[in-house]
Every structure is written in structure tokens, then in C-alpha cells.
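In full-length UniProt numbering, the protein residues as written are 1 to 282.
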């Protein structure tokens, strides 16, 4: 497949949403960097002096120039990742993927169950505007939801749990938010990149998104389609006892704040995370 055939869904467009953290980057560990693009995080794994690194997720629609700038500021002019790993394919995690693939000419990896949404075959279930929650849930039907087309540029992650170009990390299937959602974990230092399996800001609260109030929460409610799977995914991640976590939304968390918050979320998931009503709530 040629680059000319790579494209977004017809409903992809710039979303005028932002937060206090937009444009802010945090060095969580020497080789783990989190940067906020409007309301979502990208993650760069690799030491700045090494120039060998991987990008996790691809930001909001229209953010390619910002992401390239962040990469070049950290790794040097003209630098490019060895690969892009996608935790899942929602619009706010693949918003710049086509431009980035064309600019860098690098492979993209995702879980095999996520590939239909990334190769133009299937659109995600509609977001649930009726779900218990705030303003963002109400406007979620306006978010891009059609499948994007990456063709043969996207490949399935290796079935053995290894992560291309990140030999110390393992990918973990954490479905619920989407069928092929993954998280990444490094046993050596218990570093976790969680995607949207859980987040550290309540995504259904416009106020908390704007001010980025830290609160370990379940996956974004309006987009989560399988709450039983989401519960098991959180329990799986809590059992790893991560020391630091970068999530798709909200500030990185570490230490006791992370372990206590994640343990509480796993224990009280139905009360904290599962909405009282909504079309995907059993």
C-alpha cells in the first residue's frame, strides 16, 4: 500500500479541546518522557543521548507538527523513532499517525484485535452520550469515530508479548476500553504505560480535564464498551504493583499515590469506575 492510500476517517477534524497541561512534558524516568498534546499524552521511550527511541501513541488530530517538534527537541534535529506503538486506535491516540508515518517512514504496531479499526474495516461502537458523567460525555458523538486506514504500515504486535525495539518491556492485553487495548510494562523498575486502561484525571468532568486534577480513575466512560473486561484489566495492572505509571490522560503518578490509588480502583472498580447508567452498562 502506498502512502497516498493512508487516510483518516471522513469525520476526522481538529478538536478544540485543551487543558492546563497542554504543551507540558515530564521526564518520568531518564528514558521515559510524557508530553501532553491538548488533553492526551504521548510517551517517548529512550534516552535523549541514545537517539534510539520509540513513540507510544500519536496524539490529537492536527498535532503532527507539535509531536515532531517534541521529538526533535528531545532527541535532536531530524531524529525519528524506530517504531510507533499504539495502545489503541481512538481518535485522540492516532490523531497524527498518518502524517507521522509519512514523515518518518516507520512501522506502527498494535494488538491484532485493534487492526480492523486501523485498516479501514470497522468503526468503533458509537460513544455513549447517555452515560453517567459530565459535559464531555454529552459532546462525545461529535468526536471522530470512523476507522483510519494505515494499510500494511500497521503490524500486529508479536504474540509472545515482546515489544519491537523495547526489549525490556512486555505488552499486556488490557481490553475493555477497546477490544485490542494494550498496556506496556517493564519488570526491571515496574514502569507502566497504561494507555486508557485507567487514567489519572476524570475524563467525563470538563472542569477536571481543564485543570488536570489528579485522580486515579477508570477508563473514559463514554468510550468504554466492556466494563467486565475493563475491571479485569485494572486488576491485572494493579497486581503488577507498578512504581510509576503514564496514562493516556492526566499526569504521571508514582510511589504510594499510584499503588494506593490503583489498589483502591481495582478493589472498588464498580463503585469508582462503572457508571450507574449508560448503553454499555450491564
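Glycine included, C-beta positions come from ideal geometry on N, C-alpha and C.
Where residue i sits in the DSSP three-state scheme
i, result
"residue 229", "helix"
"residue 88", "coil"
"residue 27", "strand"
"residue 111", "coil"
"residue 247", "strand"
"residue 82", "coil"
"residue 40", "strand"
"residue 263", "helix"
"residue 185", "strand"
"residue 5", "helix"
"residue 223", "helix"
"residue 281", "coil"
"residue 201", "coil"
"residue 253", "strand"
Where residue i falls, given that 16 or more other Cβ within 10 Å makes a residue buried
i, result
"residue 239", "exposed"
"residue 27", "exposed"
"residue 65", "exposed"
"residue 122", "exposed"
"residue 187", "exposed"
"residue 277", "exposed"
"residue 241", "exposed"
"residue 228", "exposed"
"residue 185", "buried"
"residue 167", "exposed"
"residue 162", "exposed"
"residue 257", "exposed"
"residue 271", "exposed"
"residue 142", "exposed"
"residue 69", "exposed"
"residue 169", "buried"
"residue 49", "exposed"
"residue 275", "buried"
Proximity of residue i and residue j at Cβ, strictly below 8 angstroms
i, j, result
"residue 94", "residue 148", "yes"
"residue 218", "residue 135", "no"
"residue 261", "residue 195", "no"
"residue 243", "residue 197", "no"
"residue 144", "residue 222", "no"
"residue 266", "residue 253", "no"
"residue 232", "residue 180", "no"
"residue 82", "residue 101", "no"
"residue 264", "residue 174", "no"
"residue 57", "residue 39", "no"
"residue 90", "residue 200", "no"
"residue 21", "residue 36", "yes"
"residue 34", "residue 46", "no"
"residue 31", "residue 146", "no"
"residue 279", "residue 140", "no"
"residue 151", "residue 5", "yes"
"residue 62", "residue 14", "yes"
"residue 87", "residue 19", "no"
Span of the beta strand (DSSP E), counted from its first residue to its last, around residue i
i, result
"residue 269", "Here residue 269 belongs to no beta strand (DSSP E); instead the alpha helix (DSSP H) covers 269-272."
"residue 14", "Careful: residue 14 lies outside any beta strand (DSSP E) and carries neither H nor E."
"residue 101", "No beta strand (DSSP E) holds residue 101; the alpha helix (DSSP H) holding it covers 97-104."
"residue 191", "191-195"
"residue 173", "170-173"
"residue 216", "Counting along the chain, residue 216 falls outside any beta strand (DSSP E), and DSSP gives it neither H nor E."
"residue 154", "154-156"
"residue 54", "54-56"
Extent of the continuous alpha helix (DSSP H) to which residue i belongs
i, result
"residue 148", "It is not in any alpha helix (DSSP H) - residue 148 carries neither H nor E in the DSSP assignment."
"residue 75", "64-75"
"residue 135", "135-139"
Is it a yes or a no for the segment 48-57 touching the segment 74-81, going by three-plus beta-carbon pairs under 8 angstroms?
Below 8 angstroms, enough C-beta pairs join the segment 48-57 and the segment 74-81 to call them touching: three or more.
For the 8 angstroms Cβ check, are there 3 or more pairs between the segment 108-125 and the segment 155-167?
As far as the Cβ criterion goes, the segment 108-125 touches the segment 155-167, which means the pair count is three or higher.
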